[in-house]
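Shown next, in structure tokens, is the structure this report addresses.
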Amino acid sequence: YTCPLAYCCGCDVKFKICRSMDAMILMSSGVHTGSSHVKDSSVCLKVSHKASLKRLTKCAPNESARQLVRNSSNLSPDRRVNLSPKSVHRAQRIIGLERRRIAQVNSQGVKLDQTFGSMIRLRESLDLQAFIDRHNDPDDDFHLDLHQVVCIGNQWSGRVTFMELTTPHFIFNIGSAIQSGWEMQLQADGSFNFCASNFGIILFCVNSLRSIFRYVAWSIVPNESSEAFEFAYNGFRVAFFSLFAPGKLRVCDGKCALCDQFRDIQSAPEVIAVLANPEQRLPVVKAICDNITKFSKFVKRVLA
Numbered sequence: 001y002t003c004p005l006a007y008c009c010g011c012d013v014k015f016k017i018c019r020s021m022d023a024m025i026l027m028s029s030g031v032h033t034g035s036s037h038v039k040d041s042s043v044c045l046k047v048s049h050k051a052s053l054k055r056l057t058k059c060a061p062n063e064s065a066r067q068l069v070r071n072s073s074n075l076s077p078d079r080r081v082n083l084s085p086k087s088v089h090r091a092q093r094i095i096g097l098e099r100r101r102i103a104q105v106n107s108q109g110v111k112l113d114q115t116f117g118s119m120i121r122l123r124e125s126l127d128l129q130a131f132i133d134r135h136n137d138p139d140d141d142f143h144l145d146l147h148q149v150v151c152i153g154n155q156w157s158g159r160v161t162f163m164e165l166t167t168p169h170f171i172f173n174i175g176s177a178i179q180s181g182w183e184m185q186l187q188a189d190g191s192f193n194f195c196a197s198n199f200g201i202i203l204f205c206v207n208s209l210r211s212i213f214r215y216v217a218w219s220i221v222p223n224e225s226s227e228a229f230e231f232a233y234n235g236f237r238v239a240f241f242s243l244f245a246p247g248k249l250r251v252c253d254g255k256c257a258l259c260d261q262f263r264d265i266q267s268a269p270e271v272i273a274v275l276a277n278p279e280q281r282l283p284v285v286k287a288i289c290d291n292i293t294k295f296s297k298f299v300k301r302v303l304a
């Protein structure tokens, strides 16, 4: 036996069992003490370090591996990860593997490889109408989760390459904004140049109590065009009416976060009045965005 850390710490603990015809001899060298492995020059990470890095990745999956490694030294003592320069690459690899594992769970097992084909497969696996059909099927045990990521629109032809994602909770923010009785305000913004495939994200929010804007949906687009804003708006507008129109979603009788919140919003007089609109228009009074001329064109063409 040779100590597994012999090459990492210079530990000289060894033992060997020798047998003869009439005897068995234990030959040993060195003794393990508390200071045997102090000078650990290994690039491998401890199990506790790996667990801390995985927890960090779950808490902030959008942070880069370099930022997570840098911030890992600022944790509490029992979770701190003090890395040597040789161990940084291994830590970044662990973070990358954990991020891919989280992405596969949230994307229904679809492997994303920065191609349009993988995005199409992701859209099919997250289709909102498919989730609603399963939820309404009495023979299916599936129940739509309040925070389930769903796809509410996509287009892969023409001038727009587009996919829009949201959750039922975010769609409910539209109903809450209408239910509040305030003038409904729509806010949009974009973020670009943060991935290899040159995709960007545009976000839509609606106003809420205490002057807070809450998310409605986020869309993957190549640029901030007026068509992209229009498709995104129509996506969550149709999703709102697909969920809240009478008879569209089966409401369970038990205690359920989704069904309880859905029932409260759908029964509000302000929401009932909007659902009765045959044109299925949202009562947007003001639209807010930074200095983007494409958004102004979208507002004049769609919301005017």
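So for the sequence shown, UniProt numbering puts the first residue at 1; every next one is plus one. Every residue, glycine too, gets a C-beta built ideally from N, C-alpha and C.
Between the alpha carbons of HIS143 and LEU209 lies a gap of roughly 29 Å. The alpha-carbon of GLN104 is positioned some 10 Å away from that of GLU98.
The Cβ-Cβ distance between PHE236 and ALA217 falls below 7 Å.
Annotation: PHE236 is outside any beta strand (DSSP E); the continuous alpha helix (DSSP H) that includes it extends over 226-244.
Inclusion of THR167 and HIS147 in the CB contact set at 7 Å is warranted, their separation being smaller than that value. Look at ASP290 here: in three-state DSSP terms it is coil, with no helix or strand label.
In the DSSP assignment, GLY200 is bridged to VAL221. Scanning the stretch 140-173 for uninterrupted beta strand (DSSP E) segments of 3 residues or longer gives 150-157 and 160-166, listed from N- to C-terminal end. Residue state for ASN62 is assigned as coil, using DSSP reduced to three classes.
With a cut-off of 8 Å on Cβ pairs, the stretch 27-36 is in contact with the stretch 8-15, counting three or more such pairs. GLY190 and GLU224 do touch by the CB rule: their CB atoms are close to 5 Å apart, below 8 Å. In chain order, CYS151, ILE152, GLY153, ASN154, ALA217, TRP218, SER219, ILE220, PHE231, ALA232, GLY235 and PHE236 place their CB closer than 8 Å to the CB of GLU164, counting only its own chain and leaving out the 5 sequence neighbours on each side.
Straight through space, the alpha carbons of ALA91 and ARG250 are spaced by roughly 46 Å. Counting of Cβ neighbours within 10 angstroms places ALA304 among the exposed residues, the total staying below 16. Taken atom to atom, the span from the alpha-carbon of LEU122 to that of VAL110 is near 6 Å.
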